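J.:
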Amino acid sequence: MKHSMMTKLMTGLFCTLLSLPAMAQEDELKDLPGYVDFGDLTSLYGEPKVIINLGGTMLNFVSMMSASESPATSDMISKLKGVRVQIFATDSNTDASKAQFNKVKGNLKSAGWEPIVQINEDDEQVLIYMKMQDGNMEGITVMVIDDEEAVFINIIGQLNPAELGKVMKVLDVDIDLD
Amino acid sequence: MNEYDEKWEDRLNALLDGELSDADAEALKSEASDDRQLARAIIEAYQLQQAMDTVHVERAPASLQKRLNAIPREQKAESRSGFTARLFQPRWAMALAAVPLAIIAVNLMQPDTPSTTEIAKARQDLAIAFAYLDRAGSITGREIELKIGQTMADALSGSVNRTFKLQNETSKEKEV
């Protein structure tokens, strides 16, 4: 009994230690003005099908690695402080994600984010918000909900959307989202 | 031991052990001729030495010697087994197991240089994030195009209809 308790305790401790880097990276971003809390949809949709958490340190390394290929891309990535993506498969059950969508929207408004694009169609909802502080862009948030998936993207730092295409060409990763 | 014993102890011991130089020995003895207490201390010390010399040293029996020799070995073994037993107590086992985990945690927490594989993975993740952003942009563009296109079409058809209506009215007026 005592030993099984101890085993559980040790397993818990080990798991906590393993998740520390991800938690540390998330914590590092939480204090930035461009950070957005998307809440938790795992209880409804399970684990996200895509989850990306890139902190400033890792982005700096990516920027340095891209410098020789394209200084412009390297410069653009160096202005990013964090990139967070959570994508859940909705399987046509969009009620929960729409509720979360509206909740986050309310939080963004009260936190001084500015709406850039808002599309409210029956089968598709898109929302793009931007955070400005002292004339500088601090972050961009994109939420897309359709019958297949709920996408939550939070870019912390400065990003020029017009340069996305060029950067993707440089990153040269074959991605088919359809 | 009186105060004289303490005072002269080192010199008396040296005298009895024959470690005192002849000059020092003579000086001590001449001092003793003037000091009765010192003289008595020297005599007592000699008497004690003689008494000790008369005591015979009995050899211990072999069995006793064996047992006496075994004592340090047993104590050593006991202390070692005690340490091992204490080491494997649950609380110590936990503490020992926590040490490598703590080292792993400290290593993981340190902002070490990531490996090339980790950077390549981050690069891929960044591309995925941008692809989703691009997709959101495409949806937005499509919707804007649709809305503007519809508005333009409405405006155009309205204008055409108005023109047709106006032309129709003008031709009717001419006929009249």
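Protein chains in written order, with our numbering: chain A, 8 to 185; chain B, 143 to 318.
Here a beta-carbon is modelled for each residue, glycine too, at the ideal position from N, C-alpha and C.
The structure presented is a predicted model; accordingly, all values stated were derived computationally and were not measured.
1. What does I126 (chain A) touch in chain B if you count any residue whose Cβ is under 8 Å from its own?
2. Are the beta-carbon atoms belonging to L61 (chain A) and V90 (chain A) less than 8 Å from one another?
3. Do L115 (chain A) and V43 (chain A) have their C-beta atoms within less than 8 Å of each other?
4. Is V158 (chain A) near Y274 (chain B), with beta carbons less than 8 Å apart?
5. Measure from the alpha carbon of P256 (chain B) to the alpha carbon of each residue in A:N67, A:Q107, A:I59, then state which is nearest.
6. Taking the alpha-carbon of I58 (chain A) as reference, which of A:L171, A:G172, A:N161, A:M72 has the nearest alpha-carbon?
7. From T64 (chain A) to T258 (chain B), what distance separates their C-alpha atoms?
8. Helix, strand or coil for L166 (chain A) per DSSP?
9. What does the alpha-carbon distance come out to for the pair L25 (chain A) and E216 (chain B)?
10. Could you pull the start and end residues of the alpha helix (DSSP H) that Y188 (chain B) belongs to?
11. With a cut-off of 8 Å, does the C-beta of M143 (chain B) fall near any C-beta of chain A?
12. Report the three-state DSSP secondary structure of K88 (chain A) (helix, strand or coil).
13. Could you give the first and the last residue of the continuous beta strand (DSSP E) run that contains V57 (chain A)?
14. Can you list, in chain order, the residues of its chain whose CB lies under 7 Å from that of V69 (chain A), leaving out five sequence neighbours each side?
15. Which residues mark the beginning and the end of the alpha helix (DSSP H) in which T148 (chain A) is found?
16. For the segment 50-77 of chain A, list every residue whose C-beta sits within 9 Å of some C-beta in chain B, in sequence order.
17. Output yes if chain A places a C-beta closer than 8 Å to the C-beta of A278 (chain B); else output no.
18. Answer with buried or exposed for L206 (chain B), where buried requires no fewer than 16 other C-beta atoms within 10 angstroms of its C-beta.
19. Would you please verify whether the beta carbon of M83 (chain A) is less than 8 Å from any beta carbon of chain B?
20. Kindly indicate the opening and closing residues of the alpha helix (DSSP H) around V174 (chain A).
21. Between the alpha carbons of E151 (chain B) and M194 (chain B), how many angstroms are there, rounded?
22. Under the rule that 16 or more other beta-carbon atoms within 10 Å means buried, what is A183 (chain B), buried or exposed?
23. Taking the straight line between their C-alpha atoms, what separation do you get for M71 (chain A) and L268 (chain B)?
24. Between which residues of its own chain and G283 (chain B) is the CB-CB distance below 8 Å, once the five residues before and five after are set aside?
25. Got a sec, what are the start and stop residues for the beta strand (DSSP E) L134 (chain A) sits in?
26. Between the alpha carbons of M175 (chain A) and F272 (chain B), how many angstroms are there, rounded?
27. Check A271 (chain B) in the structure and name its three-state DSSP category.
28. Please confirm if the segment 91-98 of chain A is in contact with the segment 116-130 of chain A, defined as three or more CB-CB distances below 8 Å between the two stretches.
29. By the DSSP assignment, the beta strand (DSSP E) with V124 (chain A) in it spans what residues?
30. On the criterion of 16 or more Cβ atoms from any shown chain inside 10 Å, does T91 (chain B) qualify as buried, or is it exposed?
T.: Reading from the atomic positions:
1. I281, T282, E285
2. yes
3. yes
4. yes
5. A:N67
6. A:N161
7. 14 Å
8. coil
9. Unreliable positioning characterises L25 (chain A) in this predicted model, as indicated by a pLDDT of 49, which lies under 50. The coordinate reading is nonetheless provided below. When rounded, the distance between both Cα atoms is 46 Å.
10. 178-196
11. Because M143 (chain B) sits at a pLDDT of 49, beneath the cut-off of 50, its placement in the model cannot be relied upon, and the following sentence gives the value as read from the coordinates. False, the Cβ-Cβ gap to chain A never drops below 8 Å.
12. strand
13. 57-61
14. Residues of the same chain with a CB within less than 7 Å of the CB of V69 (chain A), apart from the 5 flanking positions on each side, are I84 in chain order.
15. Careful: T148 (chain A) lies outside any alpha helix (DSSP H), inside the beta strand (DSSP E) at 143-153.
16. Close to chain B, meaning a Cβ-Cβ distance shorter than 9 Å, are the following residues of the segment 50-77 of chain A: V57, I59, N60, L61, T64, M65, L66, F68, V69, M71, M72, S73.
17. Yes, A278 (chain B) lies at the interface with chain A (some Cβ there is under 8 Å from its Cβ).
18. exposed
19. Chain B, which has no Cβ nearer than 8 Å to the Cβ of M83 (chain A), makes this no.
20. For V174 (chain A), the enclosing alpha helix (DSSP H) starts and ends at 171-178.
21. Between E151 (chain B) and M194 (chain B), the C-alpha separation is close to 18 Å.
22. buried
23. So the two alpha carbons sit approximately 14 Å from each other.
24. none
25. 131-140
26. 7 Å
27. In this structure, DSSP gives A271 (chain B) a helical state, which the three-state scheme calls helix.
28. no
29. Here the beta strand (DSSP E) through V124 (chain A) covers 121-127.
30. What is shown of chain B runs 143 to 318, which leaves residue 91 (chain B) out entirely.
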